[in-house]
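What follows is a single structure, written as structure tokens, with notes after it.
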Amino acid sequence: MAISATLIDVVTYPDGRVSVRFGDKTGMTFASSDELLVYAKSLEEDLDIAKKLLLGWWQARSPDLSNLNLVKGKTLTFDISSPNPIRVQ
Amino acid sequence: MADVRFFTGGHGHILETYGSTVAIGTSTLDATGDRLAFVFQAKEAGAIDTLGFHIDTITGAPGDITIGLQGLGTTGNADGTWKQSGGNNCTATIAYGDMTAGTFFWKALSYSYTATRGEWLAIVLQIASGDVSNLYLIGSNCAMATYRNGFPYHEISSDSGGTWTKGSTNGPIFGYKIGSKVFGTPISSYAYAAFSSDSTYDEYGLRFLLNGAMGDKFKIAGVRGIFCSPPTGKTIRMRLATEDGTELATTDIDSDHFSTASSTIKTCEYYFNTETLPELSFGTAYIIAFEALNTSSNWGLHCLYMTEAADLGAYNGGAEFYRAKRADHTGAYTLTDTHIRPCMELIFSEWTEPTGSGPPSPYNIALTL
Chain P
197 MAISATLIDV VTYPDGRVSV RFGDKTGMTF ASSDELLVYA KSLEEDLDIA
247 KKLLLGWWQA RSPDLSNLNL VKGKTLTFDI SSPNPIRVQ
Chain D
6 MADVRFFTGG HGHILETYGS TVAIGTSTLD ATGDRLAFVF QAKEAGAIDT
56 LGFHIDTITG APGDITIGLQ GLGTTGNADG TWKQSGGNNC TATIAYGDMT
106 AGTFFWKALS YSYTATRGEW LAIVLQIASG DVSNLYLIGS NCAMATYRNG
156 FPYHEISSDS GGTWTKGSTN GPIFGYKIGS KVFGTPISSY AYAAFSSDST
206 YDEYGLRFLL NGAMGDKFKI AGVRGIFCSP PTGKTIRMRL ATEDGTELAT
256 TDIDSDHFST ASSTIKTCEY YFNTETLPEL SFGTAYIIAF EALNTSSNWG
306 LHCLYMTEAA DLGAYNGGAE FYRAKRADHT GAYTLTDTHI RPCMELIFSE
356 WTEPTGSGPP SPYNIALTL
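Heads up: the protein sequence lines correspond to chains P and D, in order. Residues in the first sequence are numbered consecutively from 197, following our numbering. Residues in the second sequence are numbered consecutively from 6, following our numbering.
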């Protein structure tokens, strides 16, 4: 299972709005570049994301979640600023 | 007496926050035959004569948009067949120059469609031509209101006859009119104005009036709304008042009573802590507002902005619910923001039946015990 997003373009308009477009024809338009910055930093508020990724990591390797030994005691670290943002050890 | 928790006095649905920021979600129409649809049910029977959508961005000179109504296929997608009236398609044509980017745009249909109550329909936008330099970004959904949307929803299809992809995360932005009645979720923009005690206006809130036929007396226990939180160590005063500024009740809120300080978007529910709640009258306008008592409070009230005040008819409370503000927390409230709807809902404590004969107007009221 893989999820991905492709950034097509970021455009700033004279009225200050900033539009971000992705490869699947979706996008988001922010009222200002400050709002985009807040959104980009919002991962810091989502404390559940590491937990979700770890459970997803487990499910990908044990589709019916039957093999607990695969994941018990494992730590998933999600560091977006790292060259390897996701590590499980 | 049962608490009246959720009140729907008009049409549309409550927006709740899940996401972490304020943004309009867009769908790109940049190729011949690209289609965007909003799948919904007609809330009541009548002649749908106007359709609306949020036009976010226009780049270059894309081809005309054909907008109209279609039914749904077995997969819940627009079925590709324009609804008709007397053999004529219930559609309209929009040139890119007809629209102003960053607004909610209404277009009258060439022929109205008489919908039945609860009919399953799709508002469909289809472009004649486009490419990477000539395109539309339609503001199809509220990235702020990400309540894991089930229905209604938007969907997009690429390149004439491609498969549809439904949007399942964010609430859709769309609208339709039956005469003067407005339905859907028409949003021109949404924003929060962060304010402090030394701002031009140090108090913002909701002005509301409940129709006199709905009841005799009521009491407000509190409000639920979408706010931006201040830093720690600040105080926000929640106030119930009349339009002329007469204070009826207040409760101070410590900014530490917030799960995340200095946050941009959180749903909060606050109650008055006065021993006795004031008795209010139907047919009279009131204000529930929040005053920043400190500098650098940056308390913010999220609001929906409409193209025109009448568009508020799509939302709970209708056009009688709009933003109020006041400078220096004294005197009458400023009531010029009639096209702006704070993301606030009332929490009632009591509601007494109307005096005299006859039932109230057919409003929908949900009670919780």
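Beta carbons: idealized from backbone N, C-alpha and C, even for Gly.
Candidates the options: which alpha carbon is nearest residue i's?
i	options	result
residue 73 of chain D	D:239, D:139, D:186, D:58	D:58
residue 70 of chain D	D:114, D:157, D:308	D:114
residue 230 of chain D	D:305, D:63, D:117	D:305
residue 162 of chain D	D:42, D:255, D:247	D:42
residue 127 of chain D	D:291, D:87, D:170	D:87
residue 201 of chain P	P:208, P:219, P:213, P:212	P:219
residue 312 of chain D	D:259, D:271, D:256, D:192	D:192
residue 216 of chain D	D:205, D:326, D:156	D:326
residue 324 of chain D	D:331, D:332, D:315	D:315
residue 238 of chain P	P:268, P:276, P:280	P:276
residue 32 of chain D	D:293, D:227, D:129	D:129
residue 30 of chain D	D:144, D:111, D:97, D:89	D:144
residue 295 of chain D	D:343, D:80, D:252, D:218	D:252
residue 211 of chain P	P:285, P:228, P:199, P:198	P:228
residue 221 of chain P	D:343, D:159, D:81	D:159
residue 360 of chain D	D:347, D:287, D:348	D:287
residue 48 of chain D	D:157, D:245, D:268	D:157
residue 181 of chain D	D:268, D:54, D:349, D:243	D:54
residue 66 of chain D	D:103, D:92, D:204	D:103
Are the beta-carbon atoms of residue i and residue j separated by less than 9 Å?
i	j	result
residue 190 of chain D	residue 319 of chain D	yes
residue 254 of chain P	residue 243 of chain P	no
residue 68 of chain D	residue 138 of chain D	no
residue 274 of chain D	residue 223 of chain D	no
residue 272 of chain D	residue 232 of chain D	yes
residue 357 of chain D	residue 221 of chain D	yes
residue 225 of chain D	residue 282 of chain D	yes
residue 34 of chain D	residue 179 of chain D	no
residue 270 of chain D	residue 197 of chain D	yes
residue 285 of chain P	residue 270 of chain P	yes
residue 50 of chain D	residue 184 of chain D	no
residue 38 of chain D	residue 171 of chain D	no
residue 123 of chain D	residue 75 of chain D	no
For the alpha helix (DSSP H) that contains residue i, what are its first and last residues?
i	result
residue 280 of chain D	Premise fails: residue 280 of chain D is in no alpha helix (DSSP H) and is neither H nor E.
Based on the DSSP output, what are the partners of residue i in its beta bridges?
i	result
residue 137 of chain D	According to DSSP, which records beta bridges pairwise, residue 137 of chain D is partnered with nothing at all.
residue 30 of chain D	P:224, D:146
residue 255 of chain P	Answer is none; residue 255 of chain P lacks a bridge partner.
residue 198 of chain D	D:306
residue 273 of chain D	D:230
residue 75 of chain D	D:87, D:127
residue 352 of chain D	D:227
residue 109 of chain D	D:59
residue 272 of chain P	P:284
residue 182 of chain D	D:55, D:187
Using a Cβ-Cβ cut-off of 7 Å (strictly less than) and excluding sequence neighbours within five positions of residue i, which residues of its own chain qualify?
i	result
residue 249 of chain P	272, 274, 282
residue 202 of chain D	297, 298, 299, 300, 302
residue 206 of chain D	200, 330, 331, 332
residue 99 of chain D	69, 70, 72, 112
What residue does the beta strand (DSSP E) around residue i start on, and which one ends it?
i	result
residue 40 of chain D	40-46
residue 226 of chain D	222-233
residue 146 of chain P	Residue 146 of chain P is absent from the structure shown; chain P starts at 197 and stops at 285.
residue 236 of chain P	From DSSP, residue 236 of chain P is part of no beta strand (DSSP E) but of the alpha helix (DSSP H) over 229-236.
residue 171 of chain D	169-171
residue 263 of chain D	Unbroken run through residue 263 of chain D: none, as it is neither H nor E.
residue 159 of chain D	158-162
residue 247 of chain D	240-247
residue 327 of chain D	327-331
residue 347 of chain D	345-347
residue 259 of chain D	252-259
residue 212 of chain D	208-214
Kindly list the residues whose CB is nearer than 6 Å to the CB of residue i, restricted to its own chain and excluding five residues on each side of it in sequence; keep chain order.
i	result
residue 217 of chain P	204, 205, 223
residue 62 of chain D	106, 142
residue 335 of chain D	none
residue 279 of chain D	254
residue 131 of chain D	40, 71
residue 263 of chain D	234
residue 276 of chain D	226, 227
Going along the chain, which residues of its own chain have a beta-carbon closer than 8 Å to the beta-carbon of residue i, five neighbours each way excluded?
i	result
residue 77 of chain D	44, 83, 84, 125, 126, 127
residue 345 of chain D	308, 309, 310, 311, 327, 328
residue 17 of chain D	The predicted model places residue 17 of chain D with a pLDDT of 40, which falls under 50 and marks its position as unreliable; any figure quoted below should be read in that light. Here the set comprises 188, 189, 190, 319, 320, 321.
residue 90 of chain D	116, 117, 118, 119
residue 266 of chain D	234, 235, 236, 237, 260
residue 94 of chain D	73, 87, 88, 115, 116
residue 97 of chain D	56, 71, 72, 73, 112, 113, 114, 115
residue 248 of chain D	212, 290, 291, 292, 329, 337, 338, 340
residue 213 of chain P	225, 226, 227, 228
Inset, instruction - With 8 Å as the limit, tell me which residues of the stretch 120-141 of chain D have their beta carbon closer than that to any beta carbon of chain C; keep them in chain order. - result: As a matter of chain content, chain C is missing from the structure shown, whose protein chains are P and D.
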